[in-house]
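K.L.:
Just passing along the structure, written as structure tokens.
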Amino acid sequence: MRRVAYGVAIVATVLVGRQVNWADLTDSMFRPSLMAEQFPKIVTIAAKNTLIFTFFGFVGGLVIGLIVAIMRISQATPFRIVGSVFVDVIRGIPLLVWILIIGFGIPIATGARIPGSYGAGSVALAIVAGGYMAETIRAGIEAVPRGQMEAARSVGMTYSRAMWTIILPQAFRIIIPPLTNELVLLIKDTSLVSVLGVTIGTMELTKFGRAASASAFNATPLITAALVYLIITLPMIRVVAVLEKRAAQSR
Amino acid sequence: MSPIPGDPVIEVKNLHKYFGDLEVLKGIDFTVAAGEVVCVIGPSGSGKSTLLRCVNRLEIATSGSILIEGQDITDIDADVDALRTKIGMVFQRFNLFPHLTVVENLKIAQRKVLKRSKEHADEVARANLERVGLTEKSDAFPRTLSGGQQQRVAIARALSMEPDMMLFDEVTSALDPELVGEVLAVMRGLAEDGMTMMVVTHEMDFARSVADRVVFMDAGVVCEEGPPGDILANPQTERLQQFLRVLT
Ligand SMILES: Nc1ncnc2c1ncn2[C@@H]1O[C@H](COP(=O)(O)OP(=O)(O)OP(=O)(O)O)[C@@H](O)[C@H]1O
Ligand SMILES: [Mg+2]
Chain A
1 MRRVAYGVAI VATVLVGRQV NWADLTDSMF RPSLMAEQFP KIVTIAAKNT LIFTFFGFVG
61 GLVIGLIVAI MRISQATPFR IVGSVFVDVI RGIPLLVWIL IIGFGIPIAT GARIPGSYGA
121 GSVALAIVAG GYMAETIRAG IEAVPRGQME AARSVGMTYS RAMWTIILPQ AFRIIIPPLT
181 NELVLLIKDT SLVSVLGVTI GTMELTKFGR AASASAFNAT PLITAALVYL IITLPMIRVV
241 AVLEKRAAQS R
Chain B
252 MSPIPGDPVI EVKNLHKYFG DLEVLKGIDF TVAAGEVVCV IGPSGSGKST LLRCVNRLEI
312 ATSGSILIEG QDITDIDADV DALRTKIGMV FQRFNLFPHL TVVENLKIAQ RKVLKRSKEH
372 ADEVARANLE RVGLTEKSDA FPRTLSGGQQ QRVAIARALS MEPDMMLFDE VTSALDPELV
432 GEVLAVMRGL AEDGMTMMVV THEMDFARSV ADRVVFMDAG VVCEEGPPGD ILANPQTERL
492 QQFLRVLT
């Protein structure tokens, strides 16, 4: 069976390969001169903006996620309900829709727009990242043994003091791998903010590659953008793998 | 202003505790006086830990009162955090803070709760490490220590708050047998220094030789109490007789 499958695959590849004009294909995807033309702006503008959106999204998401996670584990039922509704609503709607709501919907409805050229995109990313991170952070807090809170309270710490100085430092150590993973997802998700009309100054990698590809009528700039994404994300993906392996071993 | 020896420091009055429909403490009354060592013994599930945890309000009493140096810790308006600084607690599973070194474990609450200066906290921490014989481990992380050493650090951590009384909940039960002795020796030293102690334990030899009074609990009530010489040698109730027979 397997041999047949391999055979079919090889034949199909050869047939497709013969149909393709390799020289044309290479030229329309990997034209060296066009690739070189993307620099330095693809780094100094596009990658920089991708990282700026990532930064705001991640830091904002961390703050929102922490607040929501603490609501989710609260003794007070209203907090727990608000927290879990937030998480469900955030995660149940696509990021693209959130970006459109915050970037277009709210200004149309209220006449007020989020200030700053990074504002709307960053806020949308932060809110959605917050919804996902809340669950990660909550899992981290719950992974800290209950005795830790009890020991901290027994020496007279208040709940919030114990949370800050004893529980959260341990929780964050536990969730470094999944948080790094979320950071990688966020880097890629910043590509969606390109649906908001942006100026040349706030173009991130995707928008930049797409605009350059359209004007050159050649895929090379997009491929170049893709490679820049990989240069950023691959090391992080490897780091996550190492961290997860180490966490699994220490268990 | 620490209490004068003989003054009541823990007064438990008609304490009831339910977990849902399960009544775990069924009207407990007893007093611990300053300087007294009280050992609480009893079969598994009799409510010993629950009682101890009610005393520093890790569990909320369902009804009744618990006065700590005259202040009711079960009162909704009580300053629980302040009262807890007077009550050291040592747990079966040590519960050291794993992200902090030994000396930081001893200093963090001194700094953050008692607002002591770095120098003062450090001095107190080192004195208590010496007291439990672990001066050389001050910069180690808890996971690198043996169970017996970790438990001694936990005792030193509680002592660093300079509490008026100490609660011990089966602090040797999680230890390998050869490590039990070093922890009991520290507790014996504390008792000799006049610390007020409430000790839940299965170590009958310790109870016999260190306790001023032994309290036997069964099924959520105090069944029998008295000096160890009396109640361990000459148990009055059938339940205590049976409990002691099973142990030996
Ligand atoms: N958080 C809780 N929720 C529900 N039931 C509980 C809880 N904690 C204790 N119990 C129950 O209360 C009873 C008394 O428990 P407790 O831990 O006080 O007993 P113990 O005398 O300390 O026993 P052991 O010697 O095994 O430690 C047990 O039946 C236990 O299952
Ligand atoms: Mg117990």
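Residue numbers (my numbering), protein chains in the order written: chain A, 1 to 251; chain B, 252 to 499. Every residue gets a Cβ at the ideal spot worked out from N, C-alpha and C, and that includes glycine.
Determine, for V59(A), whether the minimum Cβ-Cβ distance to residues of chain B falls below 9 Å.
P.N.:
As a working mapping, residue 59(A) is identified with position 59 in the first sequence. For V59(A), the answer is no, since every Cβ of chain B falls outside 9 Å of its Cβ.
K.L.:
Identify the continuous alpha helix (DSSP H) that holds Y229(A) and give its terminal residues.
P.N.:
Along the first sequence, read from residue 1 onward, the residue named residue 229(A) stands at position 229. Its alpha helix (DSSP H) spans residues 220 to 250.
K.L.:
Taking Cβ positions, are L192(A) and L96(A) nearer each other than 9 Å?
P.N.:
On the first sequence, position 192 is the one that residue 192(A) refers to. On the first sequence, position 96 is the one that residue 96(A) refers to. Yes, Cβ-Cβ distance for L192(A) and L96(A) is below 9 Å.
K.L.:
Is the CB-CB distance between K188(A) and T233(A) below 9 Å?
P.N.:
Walking along the first sequence from the start, residue 188(A) turns up at place 188. Walking along the first sequence from the start, residue 233(A) turns up at place 233. Yes, these two residues count as a Cβ contact at 9 Å.
K.L.:
Considering only the alpha carbon of each residue, which of G103(A), A126(A), R80(A) lies closest to I90(A)?
P.N.:
To locate residue 90(A), count along the first sequence from 1; it is residue 90. Answer by Cα proximity: A126(A).
K.L.:
Taking 9 Å as the cut-off, decide whether the C-beta atoms of S253(B) and D463(B) are in contact.
P.N.:
Counting from one through the second sequence, the residue named residue 253(B) turns up at place 2. Counting from one through the second sequence, the residue named residue 463(B) turns up at place 212. Not in contact: S253(B) and D463(B) (Cβ atoms no closer than 9 Å).
K.L.:
Whose CA, out of G103(A), I10(A), W98(A), V16(A), lies closest to the CA of S117(A)?
P.N.:
Locating residue 117(A) in the first sequence gives position 117, where the first residue counts as 1. Closest option to S117(A), judged by alpha-carbon separation, among G103(A), I10(A), W98(A), V16(A): G103(A).
K.L.:
Taking 9 Å as the threshold (C-beta atoms), are V306(B) and V263(B) in contact?
P.N.:
As a working mapping, residue 263(B) is identified with position 12 in the second sequence. As a working mapping, residue 306(B) is identified with position 55 in the second sequence. Between V263(B) and V306(B), the gap from beta carbon to beta carbon is short of 9 Å.
K.L.:
Are there 16 or more other CB atoms within 10 angstroms of the CB of G321(B), so buried, or fewer, so exposed?
P.N.:
Residue numbering aside, residue 321(B) sits at position 70 when the second sequence is read from its first letter. So G321(B) ends up on the exposed side.
K.L.:
Any beta carbon of chain B sitting closer than 9 Å to that of Q170(A)?
P.N.:
Residue mapping note: residue 170(A) aligns to position 170 of the first sequence, counting from 1. Yes, its Cβ sits closer than 9 Å to a Cβ of chain B.
K.L.:
May I ask whether a heavy atom of ligand 1 can be found less than 8 Å away from the beta carbon of D468(B)?
P.N.:
Here the question's residue 468(B) lines up with position 217 in the second sequence. This sequence places Met at residue 468(B); Asp is not what is there. Within the cutoff, so yes.
K.L.:
Got a sec: is the Cβ-Cβ distance from D332(B) to anything in chain A below 9 Å?
P.N.:
Start at 1 with the first residue of the second sequence, and residue 332(B) comes out as number 81. At least one chain A Cβ lies under 9 Å of D332(B).
K.L.:
Tell me where the beta strand (DSSP E) around K264(B) begins and ends.
P.N.:
Taking the first residue of the second sequence as 1, we reach residue 264(B) at position 13. Unbroken beta strand (DSSP E) run through K264(B): 259 to 270.
K.L.:
With respect to 8 Å, is the separation between the Cβ of L418(B) and the closest non-hydrogen atom of ligand 1 below this value?
P.N.:
In the second sequence, residue 418(B) corresponds to position 167, counting from 1. Incorrect: L418(B) has no Cβ contact closer than 8 Å to ligand 1.
K.L.:
S74(A) versus chain B: which residues are under 8 Å apart at the beta carbon?
P.N.:
For this step, residue 74(A) is matched to residue 74 along the first sequence. Going along chain B, no residue has its Cβ under 8 Å from S74(A), so there is no contact; the nearest lies around 17 Å.
K.L.:
List the whole-angstrom C-beta distance separating G440(B) from K277(B), where the pair is believed to meet the contact cut-off of C-beta under 8 Å.
P.N.:
In the second sequence, counting from the first residue as 1, residue 440(B) sits at position 189. In the second sequence, counting from the first residue as 1, residue 277(B) sits at position 26. So it is not a contact: roughly 35 Å between Cβ atoms.
K.L.:
Check whether the region 320 to 334 of chain B touches the region 176 to 187 of chain A, counting contact only when three or more Cβ pairs, one atom from each stretch, lie closer than 8 Å.
P.N.:
no
K.L.:
Taking only beta-carbon atoms, is T325(B) less than 9 Å away from chain A?
P.N.:
For the purposes of this step, residue 325(B) is taken as the residue at position 74 of the second sequence. Chain A, which has no Cβ nearer than 9 Å to the Cβ of T325(B), makes this no.
K.L.:
How about the region 450 to 466 of chain B and the region 281 to 292 of chain B: do they share at least three Cβ pairs that are nearer than 8 Å?
P.N.:
yes
K.L.:
Using the Cα positions of G271(B) and K48(A), report the straight-line distance between them to the nearest angstrom.
P.N.:
Walking along the second sequence from the start, residue 271(B) turns up at place 20. Walking along the first sequence from the start, residue 48(A) turns up at place 48. Distance between the alpha carbons of G271(B) and K48(A) is about 57 Å.
K.L.:
Distance cutoff 9 Å, beta carbons only. Does Q148(A) sit that close to anything in chain B?
P.N.:
As a working note, residue 148(A) is residue 148 in the first sequence. Chain B contact via Cβ: present.
K.L.:
Counting C-beta neighbours from all protein chains within 10 Å, is the total for K337(B) 16 or more, i.e. buried, or is it exposed?
P.N.:
Here residue 337(B) refers to the residue found at position 86 of the second sequence. A residue is called buried when at least 16 other Cβ atoms come within 10 angstroms of its Cβ; K337(B) meets this threshold and is buried.
K.L.:
If you run the structure through DSSP and keep just helix, strand and coil, what is R362(B)?
P.N.:
To locate residue 362(B), count along the second sequence from 1; it is residue 111. If DSSP states are grouped into helix, strand and coil, R362(B) belongs with the helices.
K.L.:
Report all residues from its chain with a CB closer than 6 Å to the CB of T488(B); omit the five preceding and five following residues, and keep chain order.
P.N.:
Counting from one through the second sequence, the residue named residue 488(B) turns up at place 237. These residues qualify, in order along the chain: C474, E475.
K.L.:
If H267(B) sits next to S297(B), beta carbons under 8 Å apart, how far is it from one beta carbon to the other, in whole angstroms?
P.N.:
Translated into positions along the second sequence, residue 267(B) becomes position 16. Translated into positions along the second sequence, residue 297(B) becomes position 46. Not really, about 15 Å apart at Cβ, beyond 8 Å.
K.L.:
For a test of your reading of the model: does the CB of K299(B) fall under 8 Å from any non-hydrogen atom of ligand 1? Yes or no.
P.N.:
As a position in the second sequence, residue 299(B) is number 48, starting the count at 1. Correct: K299(B) has its Cβ closer than 8 Å to ligand 1.
K.L.:
When you compare the CB positions of Y229(A) and E182(A), do they come within less than 9 Å of one another, or not?
P.N.:
Sequence index remark: in the first sequence, residue 229(A) carries index 229 (1-based). Sequence index remark: in the first sequence, residue 182(A) carries index 182 (1-based). Result no, Cβ atoms of Y229(A) and E182(A) do not sit closer than 9 Å.
K.L.:
For G156(A), go through chain B and note every residue whose CB falls closer than 8 Å to its CB, in chain order.
P.N.:
By 1-based counting over the first sequence, the position of residue 156(A) is 156. Those within 8 Å of G156(A) in chain B are D332, A333, R335, T336, A360, V364, L365, M412.
K.L.:
Between the Cα of A36(A) and the Cα atoms of S250(A), L227(A), V240(A), A241(A), which residue gives the shortest distance?
P.N.:
Indexing the first sequence from 1 puts residue 36(A) at position 36. Among S250(A), L227(A), V240(A), A241(A), the Cα nearest to that of A36(A) belongs to L227(A).
K.L.:
Between L426(B) and ligand 1, is the CB less than 8 Å from at least one heavy atom?
P.N.:
What you label residue 426(B) is simply residue 175 of the second sequence in a count that begins at 1. Outside the cutoff, so no.
K.L.:
Is the region 13 to 27 of chain A close to the region 145 to 153 of chain A, with three or more CB pairs under 8 Å?
P.N.:
no
K.L.:
Which word fits I237(A), buried or exposed, when buried means at least 16 other C-beta atoms lie within 10 angstroms of its C-beta?
P.N.:
For this step, residue 237(A) is matched to residue 237 along the first sequence. With fewer than 16 other Cβ atoms within 10 Å, it is exposed.
K.L.:
So the beta strand (DSSP E) R464(B) belongs to, where does it begin and stop?
P.N.:
Along the second sequence, read from residue 1 onward, the residue named residue 464(B) stands at position 213. Residues 464 to 469.
K.L.:
Does the beta-carbon distance from P428(B) to R394(B) come in below 9 Å?
P.N.:
By 1-based counting over the second sequence, the position of residue 428(B) is 177. By 1-based counting over the second sequence, the position of residue 394(B) is 143. It is not a contact, given that the beta carbons lie outside the stated cut-off.
K.L.:
To which residues does DSSP link D323(B) through a beta bridge?
P.N.:
Residue mapping note: residue 323(B) aligns to position 72 of the second sequence, counting from 1. In the DSSP output, where bridge partners are listed per residue, D323(B) has L318(B).
K.L.:
With distances taken from CA atoms, which of V239(A), T199(A), L34(A), P169(A) is nearest L66(A)?
P.N.:
Numbered from its first residue, the first sequence carries residue 66(A) at position 66. L66(A) has its Cα closest to that of P169(A), out of V239(A), T199(A), L34(A), P169(A).
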